[in-house]
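See structure below.
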Amino acid sequence: MFRQITLMLFITLYAGASATVQAQVTAGITPCEARIQALEEEVATLRQATPASMTSATPTDLPSRHASLWTSDYDSSTLDNPIVDASKYPAVKMTGFFQADAGWIHQNAANRIAVGDIQDGADFRRARLAATGDVAENVGYMVEFDFGFPGRPSFMDVWLEVRDTRLGDVKVGQFRHPIGLGGLTSVKELTFIERGLPFAFLPFRQIGAMTSGADEDAGRTWALSGFRFPTDVFGGQIGDDGGYGLATRLTQVVFEDANGRVVHIGGAYSLIDPANDAVRYRSQPEFFIAETGGAAFVPAGVPSAVPPFVDTGVIATKKSHLFGAELATTSGSFHAQSEFIHAIVNRNAGPTVSFSGVSVQAGYILTGEHRPYNRKAGVLGRVVPTNDFGECGCGAWEIAARWSMLDLNNADIRGGRLNTSTLGLNWYLNKFTKFQFNYIHAFLDNPVNGDSDADIFAMRAQVDF
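In mature numbering (1 follows the signal peptide of the UniProt record, and there is no 0), the protein residues as written are -23 to -1, 1 to 442.
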């Protein structure tokens, strides 16, 4: 019917146009000019005759009216019922980063006797790829692997999270458990190349479940987790049917003002019943090169990696307790933080022993930027340059200093005492790229070999995306 009406309309218009042309030629207008005027009149007439519903669509309306042109989510059975509200889930984003490190080590004779002749070296400290996103409005996930960590590749953060439940945000999988200010600060946002010495006590990433929440207006965070302990680099259980732990952390902003000054305090506790009834604490002097497959080519007696300077050895243990306290502040271009971790180990045989670690650090951003406070995580956040490195800027420059101590001597356990003093210089080219330079002086008190010193100059190149 529509075609018949259109055809009749066209014939009528054509006849009218022909008559108009003949009249215009008689009036002295050329045939070409007469034909153009007739066509203009014809177009105007067609516009008036066309139904409004056929002209109301704008170019921006077309994808929703004819979805098959822009999306595969289309019901081809009818043009009147396209599937236009395609789900945005699951959503996925690829992310990752790498940290390339190099270190030069100088030891005095006593230190070489105590820990071995450490070689200069370079390594990828971390090289990670991850997929993260949401599968529903309140369910997120992350799957992250590290190709630089021993295990190559190793599981890092592999979890799902259900948000905004009556129990807070509930996370299940492998993740960092809630104890330690340094441990919960992202490795991409560390002021120094490595975390402070108290990090040696932390259970860190284990497979388990956690509930957590943050009242950002009140400046408060809380978290409680349970986990298997220990787990390997692939998230698998190590040992017998035992091996459980819990960790909890509470933080509070106790002072802030309109100028961005913030003072943060926090406390944490962890109880661990380890598999195989054994624990071990040890640490390098805040610089790490992992042992690789090339270790077979290293001469006998020469360390193929930076070895632990202090080490309790394996301790037969019923349970261990960790107590943590932390303090942090950021004000203008200045920021500082400190933490204390105390470990109590209930042994299977012999008296209870205790060990401790402390770290104090401060930084100042020479180019005037401010290090923000992350209210959701209860840690200091990322330095972002005001002017990126390039034709119009030099990025952000920061100087920093830290002192750390780890004491693993108690009763008959003589793991040694390590003090480190570190000076740092950081160059933030942009939000996602930085270079770090650290000078580390390590003072080792070894129960067998006495006092010794080592100097380490280390540097790192980092980019994340």
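Just so it is clear, CB atoms sit at the ideal spot from N, CA and C, and this is done for glycine as well.
On a predicted model such as this, the values are computed, not experimentally measured, just so you know.
Are residue i and residue j close, meaning C-beta to C-beta below 9 Å?
| i | j | result |
| --- | --- | --- |
| P180 | S247 | yes |
| T306 | V356 | no |
| S336 | G173 | yes |
| R197 | Q229 | yes |
| T225 | A255 | no |
| Q439 | T410 | yes |
| L395 | V287 | yes |
| S429 | I215 | no |
| G73 | F412 | no |
| P175 | S381 | yes |
| E166 | G358 | yes |
| G220 | R205 | yes |
| L227 | A354 | no |
Considering only residues of the same chain and omitting the five flanking positions on each side of residue i, which have a CB-CB separation below 6 Å?
| i | result |
| --- | --- |
| G340 | T168, H312, E375 and A377 |
| P328 | A388 |
| A431 | Q84, N88 and A419 |
| G117 | D111 and E138 |
| L400 | A378 and Y416 |
| A435 | G80, I170, F264 and N415 |
| V210 | G128 and S131 |
| G345 | S310 |
| L223 | G203 and L248 |
| A99 | A79 |
| V135 | V120, G150 and Q151 |
| Y405 | V360, P362, G372, A373 and K411 |
| H319 | F300 and S333 |
| R437 | Q76, D78, I170 and Q413 |
| R348 | T307, H312, L357 and V360 |
| D38 | Residue confidence for D38 is low, a pLDDT of 39 falling below 50, so the modelled location carries little weight; the figure read from the coordinates is stated next. Within the same chain, D38 has no close Cβ partners at all. |
Let me see if you follow: with CB-CB separation under 9 Å, is residue i close to chain D or not?
| i | result |
| --- | --- |
| N323 | Checking the listed chains, one finds no chain D in this structure; it contains a single protein chain. |
Whose C-alpha, out of the options, is nearest the C-alpha of residue i?
| i | options | result |
| --- | --- | --- |
| A252 | L227, T208 and Y258 | T208 |
| G290 | A438, F412 and R391 | R391 |
| residue 444 | F211, W199, D194 and D250 | Here the chain covers residues -23 to 442 and nothing more, so residue 444 does not appear. |
| G203 | I156, R238, L161 and D194 | I156 |
| S308 | G212, L144, E316 and N236 | N236 |
| G372 | T363, D97 and A113 | T363 |
| D192 | T162, G345 and R352 | R352 |
| E233 | I266, A195 and G243 | A195 |
| P67 | Q76, D97, M119 and I95 | M119 |
| V322 | E114, S297 and F442 | S297 |
| L343 | W380, W136, L402 and N325 | L402 |
| A186 | G301, V149 and T72 | V149 |
| A200 | R437, A245 and K70 | A245 |
| S64 | A21, A113 and A86 | A113 |
| Y350 | D97, V231, G212 and L421 | V231 |
| N115 | D422, T142 and E18 | T142 |
| H154 | H347, R182 and L144 | R182 |
| I433 | T162, A354, L144 and I266 | I266 |
| T109 | N386, V69 and G212 | V69 |
Among the residues of its own chain, which have a CB less than 7 Å from the CB of residue i, if the five just before and after it don't count?
| i | result |
| --- | --- |
| V164 | R103 |
| N407 | P362, D365, F366 and G372 |
| C369 | none |
| A177 | Y258, R259, S260, G334 and L383 |
| V92 | P284 and F286 |
| L158 | G243, E303, A305, Q314, E316 and V356 |
| A326 | A293 |
| V425 | none |
| D422 | G393, R394 and D428 |
| D97 | G80, W81 and I82 |
| T269 | Note that T269 has pLDDT 48, beneath the 50 cutoff, so the model's placement of it is unreliable and no number is given. |
Which residues in the same chain have their Cβ closer than 8 Å to the Cβ of residue i, if we skip the five residues on either side of it in sequence?
| i | result |
| --- | --- |
| G146 | Checking the displayed sequence, the identity of residue 146 turns out to be Asp instead of Gly. Excluding positions up to five away in sequence, the list reads E138, V139, R140, T188, S189 and G190. |
| F101 | F75, Q76, A77, D78, F124 and G125 |
| M31 | Residue placement at M31 is poorly supported in this model, since its pLDDT is 45, which falls under 50; the coordinates still yield a value, given next. No residues qualify anywhere along the chain. |
| M133 | R105, A107, E121, F122, D123, F126, Q151 and R182 |
So does residue i have its beta carbon nearer than 8 Å to some heavy atom of the ligand COA?
| i | result |
| --- | --- |
| R102 | As presented, the structure is devoid of all ligands, the ligand COA included, so that no description of it is given. |
Margin query: At 3 residues or longer, what runs of the beta strand (DSSP E) sit wholly inside the stretch 381 to 413?
Written below: 390 to 407
Check: Can you find at least 3 beta carbon pairs, one from the stretch 114 to 127 and one from the stretch 92 to 106, that sit closer than 8 Å?
Finding: yes
Notebook entry, point to check: Taking only runs of the alpha helix (DSSP H) that begin and end inside the stretch 135 to 178, which ones reach a length of at least 4 residues, in chain order?
Noted result: 158 to 161
Next item on the list: Please go through the stretch 86 to 143 and give each complete beta strand (DSSP E) segment of 3 or more residues, from N-terminal end onward.
Entry: 98 to 113, 116 to 123 and 131 to 142
Margin query: For a minimum of 3 consecutive residues, which ranges assigned as the beta strand (DSSP E) are wholly contained in the stretch 310 to 346?
Written below: 311 to 324 and 330 to 342
Next item on the list: Report the residue ranges of all beta strand (DSSP E) runs contained in full by the stretch 231 to 269; include only those spanning at least 3 residues, in chain order.
Entry: 239 to 250
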